[in-house]
Amino acid sequence: MRNAKLLKGSGVFLNEDLTKLNTEVLASVRLQDPENVERAWSFEGKLYARFKGKDRSDRIDYEHFQTWLNKPWPQTVGSQSYASRASANTNRSRY
Numbered sequence: 001m002r003n004a005k006l007l008k009g010s011g012v013f014l015n016e017d018l019t020k021l022n023t024e025v026l027a028s029v030r031l032q033d034p035e036n037v038e039r040a041w042s043f044e045g046k047l048y049a050r051f052k053g054k055d056r057s058d059r060i061d062y063e064h065f066q067t068w069l070n071k072p073w074p075q076t077v078g079s080q081s082y083a084s085r086a087s088a089n090t091n092r093s094r095y
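Shown next, in the form of structure tokens:
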């Protein structure tokens with residue numbers, strides 16, 4: 001995992017094996033507050049997010065997990081949810 005940066009731009013992506021709770025919180029951070037979260041990721045099992053308008057990234061501590069899990073999911077627009085529209089708009093190609 002430490003050498004994952006060597007794969008940048010190659011089309012190969014490495015994913016951490018996160019616990020179910022961490023996976024759910026990370027998905028919540030990424031998708032439940034898209035107006036405020038610029039990006040979210042995990043590194044060595046810890047969760048991080050960069051919020052719009054901030055210079056630094058913040059670690060998402062365990063005591064804040066329930067806050068993220070309790071946030072409402074964005075409403076659907078037309079027949080697609082925000083998550084569907086976001087994944088359709090990504091520029092990543094999958095092989």
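Residue 1 is where the sequence shown starts when you use the UniProt record's numbering, and the numbers rise one by one after that.
Yeah, the Cβ is synthetic: ideal placement off N, Cα and C, and Gly gets one too.
Note that the structure is a prediction, hence the values are computed from the model and not measured.
Neighbour-count burial assignment, residue i, 16 or more Cβ in a 10 Å radius
i, result
"Trp68", "buried"
"Leu47", "buried"
Through-space distance from residue j to residue i, alpha-carbon basis
i, j, result
"Gln32", "Pro74", "6 Å"
"residue 122", "Glu35", "In the structure as shown, the chain starts at 1 and stops at 95, and residue 122 therefore has no counterpart that could be examined."
"Asp17", "Gly53", "30 Å"
"Val25", "Leu14", "19 Å"
"Gly11", "Asn3", "15 Å"
"Asp55", "Ala49", "11 Å"
Beta-carbon spacing of residue i, residue j below 7 Å
i, j, result
"Val37", "Phe51", "yes"
For residue i, the residue or residues it bridges with in DSSP
i, result
"Trp41", "Tyr48"
"Arg59", "Tyr48"
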